[in-house]
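Read the structure below first, then the notes.
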Amino acid sequence: MAAKQVYWKDKVDKDMATFLTMRIAGQLDARWGDWFDGLEIHLLPDGNTELSGSVVDQAALYGLLNRARDLGLTLLAVAVESVELSDSPDSHPR
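FYI, in the working numbering the residues of the sequence shown are 1447 to 1540.
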């Protein structure tokens, strides 16, 4: 089981964080987690992979998308959402 990712309050809006979910075609090995800035890698039953986690800003988002492009991955879906944080450092938006 993957370690629970901790979300923290950002400098712009202290009660919000940005959460990314990216679905790619095929199975991506867990060792690529560091390449994608520690996003959690979930192998899906349909044979695809979902990467998810927080991103600090839009530049970081574009960096992750560029890495997927550089690896020749096929993007199936990308969702970016702002999530409200609780005061607990162990809060998780999902």
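We put the beta carbon where it would ideally sit given N, CA and C, even for glycine.
This one's a predicted model, so the numbers in the text were calculated from it and none came from an experiment.
Check                                                                                                                                                                 : Outcome
Any idea if L1557 is buried or exposed, counting beta-carbon neighbours within 10 angstroms, 16 or more meaning buried?                                               : Nothing about residue 1557 can be reported from this structure: the residues present for the chain run from 1447 to 1540 only.
Am I right that L1510 and V1501 are in contact with their C-beta atoms under 8 Å? What's the rounded C-beta distance?                                                 : 7 Å
What residue does the alpha helix (DSSP H) around G1518 start on, and which one ends it?                                                                              : That residue, G1518, is in no alpha helix (DSSP H); it is neither H nor E in DSSP.
Just to confirm my understanding: we take F1482, look at its own chain, exclude 5 residues before and 5 after, and list those with CB closer than 7 Å. What are they? : L1497, L1510, R1513
For G1493, which three-state DSSP category applies?                                                                                                                   : coil
Taking C-alpha atoms, which residue in G1518, T1520, Q1504, D1516 lies nearest to E1527?                                                                              : Q1504
Identify every residue that forms a DSSP beta bridge with L1511.                                                                                                      : In the DSSP output, where bridge partners are listed per residue, L1511 has none listed.
Nearest to G1484 by alpha carbon, out of Q1473, T1467, G1493?                                                                                                         : T1467
If you draw a straight line from the C-alpha of A1525 to the C-alpha of T1495, how long is it?                                                                        : 14 Å
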